[in-house]
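Novice: Okay, here's the structure, questions in a sec.
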Amino acid sequence: MLQVHRKVAVAVLVTLAASASADDKGGVVIDVTGTKGGKYPIALPTATEGDQITAEVAQVENFDLSVAGPFKVLDPKSFLANLGTEGLGIDPQKWKDVGAYGVIKYKVTGDAIEFKLYEVSKGAKPSLEKSYKRSGTDARTIAHRWCNEVVKYYTGEAGFFGSKIAFTAKGKPGQSAIMAMDFDGHNAYTISNNSSTNILPAWSPNGGQVAYTSFMRANPDLYVAPAGGGRPRKVSGQRGMNTGASFSPDGSKIAVTLSKDGNPEIYVISASDGTILSRLTKDKAIDTSPAWSPGGGEIAFVSDRNGGPQIFVMPAGGGAARQVSFNGSYNTTPTWSPKQGKRIIAYTTRDGGAYDIVTLDLDTKQMTRITQSQGSNQEPSFSPNGRAIAFTREGQGIFIANADGTGTPIKVYGGATTGVDWGPAPKD
Amino acid sequence: MSLKDGEIHMVSLFGTGILTVALFVPVLWLTEAAQAEKPPLQNREVIEATLAYSKQPQKQPQKKIENPDVEKPVGVSHDEKKQPATCGNGKKEDGEDCDDGNTKNGDGCSATCHDENKVAKKQDDKKNPFDKFKHTQDDDNQKGKPTTDPGQFNGDERGFAPTNTGDPWFARLHRDMNFSPPEIAKGTSVPVGCIHITSDGKIPEFTFDPPNGQKGDDDIQTAADSALRELKKARNEKPEPVPTHLLGITTKWLCFKFTVKSP
Numbered sequence: 012m013l014q015v016h017r018k019v020a021v022a023v024l025v026t027l028a029a030s031a032s033a034d035d036k037g038g039v040v041i042d043v044t045g046t047k048g049g050k051y052p053i054a055l056p057t058a059t060e061g062d063q064i065t066a067e068v069a070q071v072e073n074f075d076l077s078v079a080g081p082f083k084v085l086d087p088k089s090f091l092a093n094l095g096t097e098g099l100g101i102d103p104q105k106w107k108d109v110g111a112y113g114v115i116k117y118k119v120t121g122d123a124i125e126f127k128l129y130e131v132s133k134g135a136k137p138s139l140e141k142s143y144k145r146s147g148t149d150a151r152t153i154a155h156r157w158c159n160e161v162v163k164y165y166t167g168e169a170g171f172f173g174s175k176i177a178f179t180a181k182g183k184p185g186q187s188a189i190m191a192m193d194f195d196g197h198n199a200y201t202i203s204n205n206s207s208t209n210i211l212p213a214w215s216p217n218g219g220q221v222a223y224t225s226f227m228r229a230n231p232d233l234y235v236a237p238a239g240g241g242r243p244r245k246v247s248g249q250r251g252m253n254t255g256a257s258f259s260p261d262g263s264k265i266a267v268t269l270s271k272d273g274n275p276e277i278y279v280i281s282a283s284d285g286t287i288l289s290r291l292t293k294d295k296a297i298d299t300s301p302a303w304s305p306g307g308g309e310i311a312f313v314s315d316r317n318g319g320p321q322i323f324v325m326p327a328g329g330g331a332a333r334q335v336s337f338n339g340s341y342n343t344t345p346t347w348s349p350k351q352g353k354r355i356i357a358y359t360t361r362d363g364g365a366y367d368i369v370t371l372d373l374d375t376k377q378m379t380r381i382t383q384s385q386g387s388n389q390e391p392s393f394s395p396n397g398r399a400i401a402f403t404r405e406g407q408g409i410f411i412a413n414a415d416g417t418g419t420p421i422k423v424y425g426g427a428t429t430g431v432d433w434g435p436a437p438k439d
Numbered sequence: 036m037s038l039k040d041g042e043i044h045m046v047s048l049f050g051t052g053i054l055t056v057a058l059f060v061p062v063l064w065l066t067e068a069a070q071a072e073k074p075p076l077q078n079r080e081v082i083e084a085t086l087a088y089s090k091q092p093q094k095q096p097q098k099k100i101e102n103p104d105v106e107k108p109v110g111v112s113h114d115e116k117k118q119p120a121t122c123g124n125g126k127k128e129d130g131e132d133c134d135d136g137n138t139k140n141g142d143g144c145s146a147t148c149h150d151e152n153k154v155a156k157k158q159d160d161k162k163n164p165f166d167k168f169k170h171t172q173d174d175d176n177q178k179g180k181p182t183t184d185p186g187q188f189n190g191d192e193r194g195f196a197p198t199n200t201g202d203p204w205f206a207r208l209h210r211d212m213n214f215s216p217p218e219i220a221k222g223t224s225v226p227v228g229c230i231h232i233t234s235d236g237k238i239p240e241f242t243f244d245p246p247n248g249q250k251g252d253d254d255i256q257t258a259a260d261s262a263l264r265e266l267k268k269a270r271n272e273k274p275e276p277v278p279t280h281l282l283g284i285t286t287k288w289l290c291f292k293f294t295v296k297s298p
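Taken in order, these protein sequences are the chains called Z and Y.
Heads up, the first sequence is in the working numbering, so the first residue is 12 and it goes up one at a time.
Heads up, the second sequence is in the working numbering, so the first residue is 36 and it goes up one at a time.
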């Protein structure tokens with residue numbers, strides 16, 4: 012009996028001891044999980060030299076990484092670091108304190124511009140650094156190249172900085188010109204050189220040529236000109252319309268709208284001499300605005316065969332077309348995203364009385380609004396890496412927006428414009 | 036059948052003895068069980084604590100310390116032949132601790148001839164003997180402000196967290212943390228960061244140097260740093276007091292393991 016009572020007594024004592032040790036467990040951590048998303052905060056302090064070139068590099072860096080898509084450029088007013096003391100290096104803690112994940116420093120000298128990218132988690136050692144010789148290359152081009160390196164470092168994708176956008180600039184009534192500019196609106200120049208109506212520019216895949224329709228010989232014929240401007244070559248002069256050219260991915264063919272048989276239909280012609288290779292549509296309806304997919308297997312176009320204008324997709328070699336847009340009664344100007352592995356198109360949609368840009372994933376059916384009733388927005392075109400979309404806003408000019416619909420579109424060119432087409436990535 | 040006075044007396048003595056044994060045997064059993072592990076002084080403390088927290092109402096062991104300020108009534112003692120002591124006659128007699136020839140208090144020997152220092156100690160003994168056992172909460176006061184201090188923050192100790200973090204207070208803490216690495220964040224580390232939180236809910240500091248060495252050098256580490264920075268800012272601007280039942284987390288570093296999951 013004494014043994015039983017002894018066990019009871021021990022049990023009481025053990026209970027007390029066990030609860031005590033549970034309270035002093037130690038080593039227990041709380042799990043916190045998060046998913047990746049949102050922008051990457053990056054600091055772009057301006058170099059302290061204070062000259063024009065330094066300022067220009069800062070301006071290009073700021074613009075490029077702001078429109079690149081994945082970055083959030085921090086406000087310089089929030090910086091705590093002593094830039095004069097830091098020089099090309101960084102004090103990681105000072106940048107952590109303002110929420111920066113990355114910091115870019117640069118230095119302009121007489122013959123070179125040196126850049127360093129720091130990831131604050133890695134301390135004071137740069138993760139990426141490059142030096143560019145200045146001779147024969149302007150500072151803006153150098154800064155664009157550096158920003159492409161930064162985008163590639165983080166995303167694995169080529170950047171689009173230094174690419175160009177072709178567009179139609181309206182002039183006097185009955186007159187419009189084909190122009191091209193750097194994607195950020197700088198260095199605009201004319202490609203066409205006539206006093207007629209010139210519309211619907213389209214870049215060749217290698218960026219060496221621009222196709223466009225011109226009324227310079229009274230009929231809307233299709234021409235191809237060197238991308239830097241110069242004498243155009245007539246590629247298609249069929250009776251009636253020769254409009255809305257779209258190059259195949261290999262550049263050997265052009266999808267175009269011809270009305271030679273009385274009704275606008277989609278044809279494929281040779282890019283070299285305009286020979287008709289195939290007719291893709293045979294319908295009483297109007298079929299126009301062809302857009303070749305990045306993989307070359309499909310062509311999107313606009314048709315009113317089911318009522319108002321809607322977006323259709325058909326095999327590039329011909330075959331049944333199926334309607335893919337079902338929102339509203341007016342959808343036009345389709346263009347394909349170049350993103351690998353995705354089938355995404357952007358197009359103009361009329362919602363009420365306003366025109367807006369939307370994207371549509373043909374596989375998931377997910378639609379994303381790029382603009383929302385901020386004027387009349389039309390004729391979208393994707394950047395070479397698919398992260399941005401350029402479009403025109405009636406009466407205002409050309410804007411660039413994030414392809415995921417986030418952020419606010421940025422104006423890059425002011426004036427009356429139509430017919431935007433974003434050229435390929437630059438070849439450095 | 037009636038019992039004679041003497042028999043009654045013997046029966047009452049016997050009964051008292053049985054009662055005494057019944058009361059004190061458990062004490063002896065417990066004493067025996069604990070004796071091998073702890074010194075006798077701690078045995079007594081453990082026993083008293085056990086009895087205090089026992090759910091069965093138990094009669095407290097009778098204290099043998101008597102109220103020194105109450106005169107023993109005449110006739111209670113068994114020994115009726117002894118003369119009562121006279122306090123203040125200068126002679127220390129039975130029942131007296133001292134006799135300084137007066138009946139004044141404050142001179143070391145009280146007006147009733149008891150050592151005034153001993154009286155003070157006896158008064159102390161009348162206080163709750165369990166006051167020396169610290170409690171993080173009053174059993175009768177589950178809500179509201181803590182009635183006892185949980186203790187000082189120990190910067191060398193980490194990871195004190197309740198196993199059940201489903202408490203709404205923790206859900207709000209997690210919400211204010213906002214751990215969300217950017218889309219293009221590089222790295223695969225699983226950093227562990229710790230905060231020092233005070234009872235009023237403020238966070239004076241956080242750290243990323245836990246003893247197990249889990250500290251990354253990539254963007255995930257920066258995201259975790261940013262999350263704790265945001266939490267610190269949010270809680271210092273609008274502190275949310277730590278509930279009474281969670282006060283233990285204020286004495287050590289409260290640690291978090293940051294993991295990125297696939298979208």
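From the three backbone atoms N, C-alpha and C, an ideal C-beta is built for every residue, glycine too.
Listed from N- to C-terminal order along the chain, which residues in the segment 202 to 223 of chain Y have their beta-carbon within a distance smaller than 9 Å of any beta-carbon of chain Z?
Specialist: Phe205, Leu208, His209, Met212, Asn213, Phe214, Ser215, Pro216, Pro217, Glu218, Ile219, Ala220, Lys221, Gly222
Novice: Just the Cα atoms here: how many angstroms apart are glycine 130 of chain Y and aspartate 142 of chain Y?
Specialist: Position 95 of the second sequence holds residue 130 of chain Y. Position 107 of the second sequence holds residue 142 of chain Y. Rounded to the nearest angstrom, the two C-alpha atoms are 19 Å apart.
Novice: Can the beta-carbon of proline 326 of chain Z be found less than 8 Å from the beta-carbon of threonine 343 of chain Z?
Specialist: To locate residue 326 of chain Z, count along the first sequence from 1; it is residue 315. To locate residue 343 of chain Z, count along the first sequence from 1; it is residue 332. When the beta-carbon positions are compared, proline 326 of chain Z and threonine 343 of chain Z stay at least 8 Å from each other.
Novice: Tell me which same chain residues have a C-beta within less than 7 Å of the C-beta of valine 78 of chain Z, skipping the five on either side of it?
Specialist: The residue you call residue 78 of chain Z lines up with position 67 of the first sequence. Contacts found: Ala399, Ile411, Ile421.
Novice: Using only CA atoms, which one of Z:Asp193, Z:Gln220, Z:Leu233 lies nearest to isoleucine 210 of chain Z?
Specialist: Position 199 of the first sequence holds residue 210 of chain Z. Looking at the Cα atoms, Z:Leu233 is the closest of the given residues.
Novice: I'd like to know whether the C-beta atoms of lysine 107 of chain Z and aspartate 260 of chain Y end up nearer to each other than 8 Å.
Specialist: The residue given as residue 107 of chain Z occupies position 96 in the first sequence. The residue given as residue 260 of chain Y occupies position 225 in the second sequence. For lysine 107 of chain Z and aspartate 260 of chain Y, yes; Cβs fall inside 8 Å.
Novice: Less than 8 Å separating the beta-carbons of isoleucine 280 of chain Z and phenylalanine 312 of chain Z?
Specialist: By one-based count along the first sequence, residue 280 of chain Z stands at place 269. By one-based count along the first sequence, residue 312 of chain Z stands at place 301. Their beta carbons are not under 8 Å apart, which means isoleucine 280 of chain Z does not touch phenylalanine 312 of chain Z by this criterion.
Novice: Please report the distance separating the alpha-carbon of valine 40 of chain Z from that of isoleucine 153 of chain Z.
Specialist: Counting from one through the first sequence, the residue named residue 40 of chain Z turns up at place 29. Counting from one through the first sequence, the residue named residue 153 of chain Z turns up at place 142. When rounded, the distance between both Cα atoms is 48 Å.
Novice: Which value, in whole angstroms, describes the spacing of the CA atoms of threonine 223 of chain Y and serine 215 of chain Y?
Specialist: Within the second sequence, residue 223 of chain Y is the residue found at index 188, counting from 1. Within the second sequence, residue 215 of chain Y is the residue found at index 180, counting from 1. About 14 Å.
Novice: Using the Cα positions of valine 225 of chain Y and leucine 289 of chain Y, report the straight-line distance between them to the nearest angstrom.
Specialist: Position 190 of the second sequence, counted from the start, is the residue given in the question as residue 225 of chain Y. Position 254 of the second sequence, counted from the start, is the residue given in the question as residue 289 of chain Y. If I take the Cα positions, the gap works out to 16 Å.
Novice: What does the Cβ neighbour count give for alanine 229 of chain Z, buried or exposed, with the cut at 16 atoms within 10 Å?
Specialist: What you label residue 229 of chain Z is simply residue 218 of the first sequence in a count that begins at 1. Exposed: under 16 other Cβ atoms inside 10 Å.
Novice: Where does glutamate 151 of chain Y fall in DSSP's three states?
Specialist: Your numbering for residue 151 of chain Y matches position 116 in the second sequence. Helix.
Novice: Can you check DSSP and say which residues form a bridge with arginine 290 of chain Z?
Specialist: Residue numbering aside, residue 290 of chain Z sits at position 279 when the first sequence is read from its first letter. Partner(s): Z:Tyr278.
Novice: I'd like to check one pair, glycine 408 of chain Z with alanine 177 of chain Z: are the Cβ atoms closer than 8 Å?
Specialist: Position 166 of the first sequence, counting from 1, holds the residue named residue 177 of chain Z. Position 397 of the first sequence, counting from 1, holds the residue named residue 408 of chain Z. Contact: no.
Novice: Starting from the beta carbon of threonine 294 of chain Y, find every residue of chain Z whose beta carbon is closer than 9 Å, and list them in chain order.
Specialist: Here the question's residue 294 of chain Y lines up with position 259 in the second sequence. Simply Asp42, Val43, Thr44, Gly45.
Novice: Count Cβ pairs between the segment 214 to 231 of chain Z and the segment 243 to 261 of chain Z that sit closer than 8 Å; are there 3 or more?
Specialist: yes
Novice: Indicate whether at least one CB of chain Z lies closer than 8 Å to the CB of leucine 281 of chain Y.
Specialist: Along the second sequence, read from residue 1 onward, the residue named residue 281 of chain Y stands at position 246. No, leucine 281 of chain Y does not count as interfacial toward chain Z.
Novice: Given that lysine 50 of chain Z touches chain Y, what residues does it touch there, using C-beta distances under 8 Å?
Specialist: The residue given as residue 50 of chain Z occupies position 39 in the first sequence. Those within 8 Å of lysine 50 of chain Z in chain Y are Pro217, Glu218.
Novice: Could you please tell me which residues of the segment 121 to 136 of chain Z, in chain order, have their CB closer than 9 Å to any CB of chain Y?
Specialist: Glu130, Val131, Ser132, Lys133, Gly134
Novice: Which residues of the segment 94 to 109 of chain Z have a Cβ closer than 7 Å to any Cβ of chain Y? Give them in chain order.
Specialist: Lys107
Novice: Among Y:Val227, Y:Gly236, Y:Ile232, which one has its Cα closest to the Cα of valine 43 of chain Z?
Specialist: Numbered from its first residue, the first sequence carries residue 43 of chain Z at position 32. Valine 43 of chain Z has its Cα closest to that of Y:Val227, out of Y:Val227, Y:Gly236, Y:Ile232.
Novice: I'd like to know whether the C-beta atoms of glycine 80 of chain Z and asparagine 413 of chain Z end up nearer to each other than 8 Å.
Specialist: To locate residue 80 of chain Z, count along the first sequence from 1; it is residue 69. To locate residue 413 of chain Z, count along the first sequence from 1; it is residue 402. Yes, the pair counts as a contact, with Cβ atoms nearer than the cut-off.
Novice: State the start and end residues of the unbroken alpha helix (DSSP H) segment that holds histidine 197 of chain Z.
Specialist: Looking up residue 197 of chain Z in the first sequence gives position 186. No alpha helix (DSSP H) holds histidine 197 of chain Z; DSSP gives it neither H nor E.
Novice: Give the secondary structure of serine 77 of chain Z by DSSP, where H, G and I count as helix, E and B as strand, and everything else as coil.
Specialist: Within the first sequence, residue 77 of chain Z is the residue found at index 66, counting from 1. Helix, per DSSP.
Novice: Kindly indicate which three-state DSSP category tyrosine 341 of chain Z falls into: helix, strand or coil?
Specialist: The residue given as residue 341 of chain Z occupies position 330 in the first sequence. Here tyrosine 341 of chain Z sits in coil by DSSP.
Novice: In chain order, what residues of the same chain have a beta carbon less than 7 Å from the beta carbon of threonine 379 of chain Z, not counting five sequence neighbours either side?
Specialist: The residue given as residue 379 of chain Z occupies position 368 in the first sequence. Within the same chain, threonine 379 of chain Z has close Cβ partners Val369, Thr370, Asp415, Gly416.
Novice: Give the residues of chain Y in contact with glutamine 358 of chain Z, contact being defined as C-beta atoms less than 8 Å apart.
Specialist: Numbered from 1 along the first sequence, position 347 holds the residue referred to as residue 358 of chain Z. The sequence shown places tyrosine at residue 358 of chain Z, not glutamine. Per Cβ cutoff of 8 Å: no residues; tyrosine 358 of chain Z is ~25 Å from chain Y at best.
Novice: Along chain Y, in chain order, which residues have C-beta atoms closer than 8 Å to that of threonine 166 of chain Z?
Specialist: Here residue 166 of chain Z refers to the residue found at position 155 of the first sequence. By Cβ distance, chain Y contributes Ile219.
Novice: So tyrosine 117 of chain Z and glutamate 130 of chain Z are in contact, right, with Cβ under 8 Å, and what is the actual spacing, rounded?
Specialist: For this step, residue 117 of chain Z is matched to residue 106 along the first sequence. For this step, residue 130 of chain Z is matched to residue 119 along the first sequence. Their Cβ separation, rounded to whole angstroms, is 16 Å, which puts tyrosine 117 of chain Z and glutamate 130 of chain Z out of contact at 8 Å.
Novice: Kindly list, in the order they appear in chain Z, the residues whose Cβ is closer than 7 Å to that of glutamine 256 of chain Y.
Specialist: The residue you call residue 256 of chain Y lines up with position 221 of the second sequence. Here the neighbours are Ser132.
Novice: Span of the alpha helix (DSSP H) holding leucine 94 of chain Z?
Specialist: Against the first sequence, residue 94 of chain Z aligns to sequence position 83. Here the alpha helix (DSSP H) through leucine 94 of chain Z covers 94 to 97.
Novice: Against glutamate 188 of chain Y, what residues of chain Z qualify as contacts under a CB-to-CB distance less than 8 Å, listed in chain order?
Specialist: Taking the second sequence and counting its residues from 1, one reaches residue 188 of chain Y at position 153. Here the sequence assigns phenylalanine to residue 188 of chain Y, which means glutamate is not the residue at that position. The premise fails here: phenylalanine 188 of chain Y is roughly 15 Å from chain Z at the closest Cβ pair, so nothing lies under 8 Å.
Novice: Taking only the alpha-carbon atoms, compute the straight-line gap between phenylalanine 291 of chain Y and serine 215 of chain Z and give it to the nearest angstrom.
Specialist: Here residue 291 of chain Y refers to the residue found at position 256 when the second sequence is read from its first residue. Here residue 215 of chain Z refers to the residue found at position 204 when the first sequence is read from its first residue. Using only the alpha carbons, I get a separation of about 54 Å.
Novice: Select from the segment 380 to 402 of chain Z all residues with a C-beta closer than 9 Å to any C-beta belonging to chain Y, and list them in chain order.
Specialist: none
Novice: Rounded to whole angstroms, what is the Cα-Cα separation between lysine 83 of chain Z and isoleucine 53 of chain Z?
Specialist: Locating residue 83 of chain Z in the first sequence gives position 72, counting from the first residue. Locating residue 53 of chain Z in the first sequence gives position 42, counting from the first residue. If I take the Cα positions, the gap works out to 6 Å.
Novice: List in chain order: all unbroken alpha helix (DSSP H) runs of 4+ residues lying wholly within the segment 239 to 287 of chain Y.
Specialist: 254 to 272
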